[in-house]
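Participant: Could you have a look at this structure, given as structure tokens, before my questions?
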Amino acid sequence: QQATVAFGGLKQDTSLPVEVQADTLAVNQADGTAVFTGNVLVGQGDMRLTAGSVRVEYGANGTAIERLHATGGVTLASATDAAEAREAIYTIASGKVEMQGDVLLTQGKSAISGQKLVIDLKAGTGVMEGRVSTVFVPGGN
Amino acid sequence: MDGHSRLVGWLKVALPLLALAILSTLFLVARTIDPEAAIPYAEVDIAERIREPRMTDPAYAGVTKDGATLTLTADEARPEAEGDGSAVKVHAQLATPDGARTALTAGTARVMSRDSKLLLEGGVLVATSTGYELRTDTLTLGLDRSGAESAGPVEGFGPPGQIRAGAMQIRQAPESPGTYVLVFNNRVTLIYQPH
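Chains as they are written, first to last, in my numbering: chain Z, 1 to 141; chain E, 1001 to 1195.
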């Protein structure tokens, strides 16, 4: 089943510059694909995404970055909320972050877990899918 | 014989003598031509060339073991001991078998033939066919095995955006030989401005 989640903390402007830090970046000389590896940190506004490795996927025209494909254990954190999953795909233009694989979302004292979480950064909302179970403390936050 | 034919008779003698005189003065009074002055090299140039043998506009081309061609041109090159050499204002191009091209420009270059390395110094500009343009201080290129490695930090930009890293390498990807990767390591930072 599905649970729609308010993601106040994660609402942000997706036209802010994206900064990616990592231990290494390898660029394939033939087709130009770029892969960051080694505690990768992606930052945009006050959103932080850390992952084992992030692959940069370009758009059709080959100049703009269309998607960041993060794998190897991803955590997405903002001022108040944090989400963890095995991998995540961040489509910069649409501001959608799709997290998959044992997703755990914590907001203050309450926590929701499921298989897939789609966050819309622009609207600040998220939809959790797949065996959603939630723990919240009444009157907690 | 009337006056006219006497005149012609005298002219037949006087005119050739006059021609002979003009011809001889042509060589006597002409400026002496000094063949030495024709050469454009100044005296000091020749002395310097003898003391330090060097080549102007040298060109070097080589193919590494893995089939990458490296061509290098410079303004001036000087041979040094045991086969080494140094060059000034260097342009090099590395064409790897996967079709990628990397153009390098450097202030100076030193060929170290013992360990077959080419050391580019004095500020190196690297432009790759995948659209990366980078600056670093020194870069060491392999002459036998294609690859390049920067000694210090590198910065520049590429298709994803502005890049800064602690070091940079161009080498064959270990997991898939034949494909070449441009690697930034020692903590790389990329800034991408969505537009």
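Note that beta-carbon positions come from the ideal geometry of N, C-alpha and C, so glycine has one too.
Go ahead and label GLU1076 of chain E buried or exposed: buried means 16 or more other beta carbons lie within 10 angstroms of its beta carbon, across all protein chains shown.
Facilitator: As a first step, residue 1076 of chain E must be located in the second sequence, where it is residue number 76. It is exposed - the Cβ of GLU1076 of chain E has fewer than 16 other Cβ atoms within 10 Å.
Participant: Which word fits ALA1165 of chain E, buried or exposed, when buried means at least 16 other C-beta atoms lie within 10 angstroms of its C-beta?
Facilitator: By one-based count along the second sequence, residue 1165 of chain E stands at place 165. Buried, since its Cβ has 16 or more Cβ neighbours within 10 Å.
Participant: Measuring CB to CB, does THR1108 of chain E end up less than 8 Å from ALA1127 of chain E?
Facilitator: By 1-based counting over the second sequence, the position of residue 1108 of chain E is 108. By 1-based counting over the second sequence, the position of residue 1127 of chain E is 127. In this structure, ALA1127 of chain E does not lie closer than 8 Å to THR1108 of chain E by Cβ.
Participant: Measure the Cβ-Cβ separation of GLU1155 of chain E and GLN1169 of chain E and say whether it is below 8 Å.
Facilitator: The residue you call residue 1155 of chain E lines up with position 155 of the second sequence. The residue you call residue 1169 of chain E lines up with position 169 of the second sequence. Not closer than 8 Å, so no.
Participant: THR4 of chain Z by DSSP, collapsed to three states: which one?
Facilitator: Counting from 1 along the first sequence, the entry for residue 4 of chain Z is found at position 4. Of the three classes helix, strand and coil, the one that applies to THR4 of chain Z here is strand, per DSSP.
Participant: Roughly how many whole angstroms lie between the Cα atoms of LEU1125 of chain E and THR1138 of chain E?
Facilitator: As a position in the second sequence, residue 1125 of chain E is number 125, starting the count at 1. As a position in the second sequence, residue 1138 of chain E is number 138, starting the count at 1. For LEU1125 of chain E and THR1138 of chain E, the distance between alpha carbons rounds to 10 Å.
Participant: Leaving out five residues before and five after PHE36 of chain Z in sequence, what residues of the same chain have Cβ atoms less than 7 Å from its Cβ?
Facilitator: Residue mapping note: residue 36 of chain Z aligns to position 36 of the first sequence, counting from 1. These residues qualify, in order along the chain: VAL20, ALA22, LEU25, SER53 and VAL54.
Participant: Expressed to the nearest angstrom, what Euclidean distance is found between the alpha-carbon atoms of ALA77 of chain Z and GLY101 of chain Z?
Facilitator: By 1-based counting over the first sequence, the position of residue 77 of chain Z is 77. By 1-based counting over the first sequence, the position of residue 101 of chain Z is 101. Distance from the CA of ALA77 of chain Z to the CA of GLY101 of chain Z, rounded to the nearest whole angstrom, comes to 17 Å.
Participant: Can you look up PRO1053 of chain E in the DSSP assignment and give me helix, strand or coil?
Facilitator: Counting from 1 along the second sequence, the entry for residue 1053 of chain E is found at position 53. Coil at PRO1053 of chain E, not helix or strand.
Participant: Touching or not, the stretch 1013-1029 of chain E and the stretch 37-46 of chain Z, by the rule of three or more beta carbon pairs under 8 Å?
Facilitator: no
Participant: Tell me which residue opens and which closes the alpha helix (DSSP H) that ALA1014 of chain E is part of.
Facilitator: Within the second sequence, numbered from 1, the residue matching residue 1014 of chain E stands at position 14. Per DSSP, ALA1014 of chain E belongs to the alpha helix (DSSP H) from 1003-1029.
Participant: So is SER78 of chain Z in contact with chain E if we call contact Cβ pairs under 8 Å?
Facilitator: The sequence position of residue 78 of chain Z within the first sequence is 78, counting from 1. No - not a single Cβ of chain E is within 8 Å of the one on SER78 of chain Z.
Participant: Between the Cα of THR1179 of chain E and the Cα atoms of Z:LEU49, Z:THR14, Z:SER15 and Z:THR33, which residue gives the shortest distance?
Facilitator: Taking the second sequence and counting its residues from 1, the one referred to as residue 1179 of chain E is at position 179. Comparing alpha-carbon positions, the option among Z:LEU49, Z:THR14, Z:SER15 and Z:THR33 lying closest to THR1179 of chain E turns out to be Z:THR33.
Participant: Taking the straight line between their C-alpha atoms, what separation do you get for THR1064 of chain E and MET1112 of chain E?
Facilitator: Here residue 1064 of chain E refers to the residue found at position 64 when the second sequence is read from its first residue. Here residue 1112 of chain E refers to the residue found at position 112 when the second sequence is read from its first residue. Distance between the alpha carbons of THR1064 of chain E and MET1112 of chain E is about 15 Å.
Participant: Comparing the C-beta of ALA60 of chain Z with each C-beta of chain E, is any distance below 8 Å?
Facilitator: For the purposes of this step, residue 60 of chain Z is identified with residue 60 of the first sequence, where counting begins at 1. Cβ-Cβ to chain E under 8 Å: no for ALA60 of chain Z.
Participant: Given this structure, state the Cα-to-Cα distance separating THR91 of chain Z from VAL56 of chain Z, to the nearest angstrom.
Facilitator: To locate residue 91 of chain Z, count along the first sequence from 1; it is residue 91. To locate residue 56 of chain Z, count along the first sequence from 1; it is residue 56. Cα-Cα distance, rounded: 10 Å.
Participant: Starting from PHE136 of chain Z, follow its DSSP beta bridges and name the residues at the other end.
Facilitator: Residue mapping note: residue 136 of chain Z aligns to position 136 of the first sequence, counting from 1. Answer by DSSP bridge pairing: none, since PHE136 of chain Z is not bridged.
Participant: Would you mind giving the Cβ-Cβ distance between VAL103 of chain Z and ALA82 of chain Z, rounded to the nearest angstrom? I have them listed as a contact below 8 Å.
Facilitator: Counting from one through the first sequence, the residue named residue 103 of chain Z turns up at place 103. Counting from one through the first sequence, the residue named residue 82 of chain Z turns up at place 82. Incorrect: roughly 11 Å between the Cβ atoms, too far for contact.
Participant: Which residues in chain Z sit within 8 Å of VAL1154 of chain E, going by Cβ to Cβ distance?
Facilitator: If you number the second sequence from 1, residue 1154 of chain E lands on position 154. Per Cβ cutoff of 8 Å: no residues; VAL1154 of chain E is ~11 Å from chain Z at best.
Participant: Would TYR1060 of chain E pass as an interface residue toward chain Z - the criterion being a Cβ-Cβ separation below 8 Å?
Facilitator: Counting from one through the second sequence, the residue named residue 1060 of chain E turns up at place 60. No, no contact with chain Z.
Participant: Let me check understanding here. Comparing Cα to Cα, which of Z:LEU117, Z:VAL97 and Z:THR80 lies closest to ARG67 of chain Z?
Facilitator: Residue 67 of chain Z sits at position 67 when you count from the first residue of the first sequence. For the residues Z:LEU117, Z:VAL97 and Z:THR80, the minimum Cα distance to ARG67 of chain Z belongs to Z:VAL97.
Participant: With 8 Å as the threshold, decide whether the Cβ of ASP1066 of chain E is near any Cβ in chain Z.
Facilitator: In the second sequence, counting from the first residue as 1, residue 1066 of chain E sits at position 66. ASP1066 of chain E does not count as touching chain Z.
Participant: Within its chain, find whatever has a CB closer than 6 Å to the CB of THR4 of chain Z; leave out the 5 residues flanking it on each side and keep chain order.
Facilitator: Position 4 of the first sequence, counted from the start, is the residue given in the question as residue 4 of chain Z. VAL127, listed in sequence order.
Participant: Can you tell me whether ASP13 of chain Z is helix, strand or coil according to DSSP?
Facilitator: In the first sequence, counting from the first residue as 1, residue 13 of chain Z sits at position 13. In the structure shown, ASP13 of chain Z sits in coil (DSSP, three-state: anything other than H, G, I, E or B).
Participant: What three-state label does DSSP hand ASP1045 of chain E in the structure shown?
Facilitator: Taking the second sequence and counting its residues from 1, the one referred to as residue 1045 of chain E is at position 45. DSSP places ASP1045 of chain E in helix when its eight states are reduced to three.
Participant: Would you say GLY1131 of chain E lies against chain Z (beta-carbon separation less than 8 Å)?
Facilitator: Counted from its first residue, the second sequence places residue 1131 of chain E at position 131. Judged by the 8 Å Cβ criterion, GLY1131 of chain E is in contact with chain Z.
Participant: Under a CB-based cut-off of 8 Å, is ALA123 of chain Z close to chain E?
Facilitator: Reading the first sequence from its first residue, position 123 is the one you call residue 123 of chain Z. The beta carbon of ALA123 of chain Z sits no closer than 8 Å to any beta carbon of chain E.
Participant: Just verifying my parser: in three-state terms, what is the DSSP assignment at PRO1035 of chain E?
Facilitator: Counting from 1 along the second sequence, the entry for residue 1035 of chain E is found at position 35. Helix, per DSSP.
Participant: Spatial neighbours of GLY130 of chain Z within its chain, please: C-beta separation below 6 Å, excluding the five flanking residues on both sides.
Facilitator: By one-based count along the first sequence, residue 130 of chain Z stands at place 130. Counting only Cβ-Cβ distances below 6 Å, and skipping sequence neighbours, we find GLY114, GLN115 and LYS116.
Participant: Short check: CB of ARG73 of chain Z to CB of ALA93 of chain Z, under 8 Å?
Facilitator: What you label residue 73 of chain Z is simply residue 73 of the first sequence in a count that begins at 1. What you label residue 93 of chain Z is simply residue 93 of the first sequence in a count that begins at 1. At residue 73 of chain Z the sequence reads Gly, which differs from the Arg that was named. Not a contact, by the Cβ cut-off of 8 Å.
Participant: Do you know offhand how far GLY140 of chain Z's Cα is from THR1189 of chain E's?
Facilitator: In the first sequence, counting from the first residue as 1, residue 140 of chain Z sits at position 140. In the second sequence, counting from the first residue as 1, residue 1189 of chain E sits at position 189. For GLY140 of chain Z, the pLDDT reaches just 48, beneath the cut-off of 50, and the residue's location in the model is therefore unreliable, although a value from the coordinates is still provided. The alpha-carbon atoms of GLY140 of chain Z and THR1189 of chain E are separated by roughly 39 Å.
Participant: Determine the contact status of ARG1110 of chain E and ASP1084 of chain E, defining contact as a CB-CB distance below 8 Å.
Facilitator: Looking up residue 1110 of chain E in the second sequence gives position 110. Looking up residue 1084 of chain E in the second sequence gives position 84. In this structure, ARG1110 of chain E sits near ASP1084 of chain E, with a CB-CB distance shorter than 8 Å.
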